[in-house]
Every structure is written in C-alpha cells, then in structure tokens.
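Residue numbers (full-length UniProt numbering): 1 to 224.
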C-alpha cells in the first residue's frame, strides 16, 4: 500500500499518522530516527504570489515546477489525441482540446484533496476522464473510417473509368501530334534532292571549273 504524504498529513493536523509512517520507513530501512517534534510553521495570510520569487533559489524552483507541470500536461493528455486516426483529427480539428479539458478534473481533484487524500486522485482521476473521452473518440473514428472506406469502394469503379478515358485521350493526342509533325514522302524526296544534287549536274560543274582554270592559266602565260 502506498503511504500517504507526510507533508499533507501534517498540514491536515494528523500528526500521529505522519509519525507512524516515518517510523515504518525507518524500521524498513533499519535506521534510527531522532526524536523530533513534527510541527508545521504557521503561514501568514498576507503572503502573495511574489513570495514564490523572493530569493534566487526559490525563483528557480518555481520556474522549474511550472515547466515540469506544463510538460506533464503535454505528455499525459496530448498523446491521447495523437493516437486518434488522422481522419478524426482533421474532421474535428481539436488537437489542443484535451489540454484544455484536463484543467477541469485537475481543479476538482485539488478541491477534493483537502478532504480525502493525495495518493490517488491527482494522478488517476484526470487520466480516467481523458481515457473515457479517448475511447469515445476512437469509436466515432471507427464509424467515420468505415463510412469513408465504403464511399471510396463505391467510387473506385468510376475513378478507374475516368483514368482510362484520360489515358486514352492522351494517347490519341500523341498520335495526332506525331502524324502532324511527320513529313510526307514528297517532302522528304525534295529535301534529299536539295542536299544531294544529281550526279550529272556535279560532273558538269566540275567540267566548267576545269575550263575556267585552264583559261586563267593561258592568260597568265600570255602576260609579258
């Protein structure tokens, strides 16, 4: 059995129970506890929040506790929403809702701590409320996922036909573009003729160049 908080017992005025817990701890660890009087100093009622930052060490401890409780809230409540399927998160858009709702049972637990105990409620009660909400979200997500799957299966045939028609139209368009870009046989023949002249024409050009060279040589020789 988990022992009760000694500090809480002293604050509640239950000194005999607190002393018994300390004696049990000392007996289990085989230690001898000194005879000290368990007293709680009276706290002045005029202390405010600024008292938490009165000294440098106290201010550091206060900031560490604030950061630790913030991380505790994120780790304890926010990860339940991460487990929910994406369809549910996108539909409701309530990723931060568990953190907001966690303050409700936490405040109720703080009010009931003074009357009962501190062993179970601060850690169990908020988690139970969150687990109930998480279970309800999972059930709703399962229903939404089933309906979405059925709708996708019913429209899969239409989507397949649409994809086939699109691919067929693209194929026909490519064939039409190729037919337009491909030159005719006459065009290819003309281009080949222009790049490769007739052999007879080539011989005549060569003969003409030879005659020109001979005439130039005669004029050169006839010069004084």
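For glycine and all other residues, C-beta sits at the position ideal for the given N, C-alpha and C.
| query | result |
| --- | --- |
| So what does DSSP say about residue 3, is it helix, strand or coil? | coil |
| Is DSSP giving residue 180 helix, strand or coil here? | At residue 180, the pLDDT of 47 sits below 50, so the modelled position is not reliable and the matter cannot be decided from this model. |
| How big is the Cα-Cα spacing for residue 15 and residue 24? | 14 angstroms |
| Could you tell me whether the Cβ atoms of residue 3 and residue 21 are closer together than 7 angstroms? | yes |
| Would you call residue 9 buried or exposed, if buried means 16 or more other Cβ atoms sit within 10 Å of its Cβ? | buried |
| If we cut at 7 angstroms on Cβ distances, does residue 22 have a partner in chain D? | Absent from the structure is chain D; it holds one protein chain and no more. |
| Alpha carbon to alpha carbon, how far is residue 62 from residue 17? | 29 angstroms |
| Suppose you measure from the CA of residue 50 to the CA of residue 67; what does that come to, to the nearest Å? | 18 angstroms |
| Can you tell which of 30, 31 and 6 has its C-alpha closest to the C-alpha of residue 19? | 6 |
| Consult DSSP for residue 55 and reduce its assignment to one of helix, strand or coil. | coil |
| Can you find the residues in the same chain that come closer than 8 angstroms, C-beta to C-beta, to residue 33, ignoring five residues on each side of it along the sequence? | 22, 23 and 26 |
| What are the boundary residues of the alpha helix (DSSP H) that residue 16 is part of? | 15-28 |
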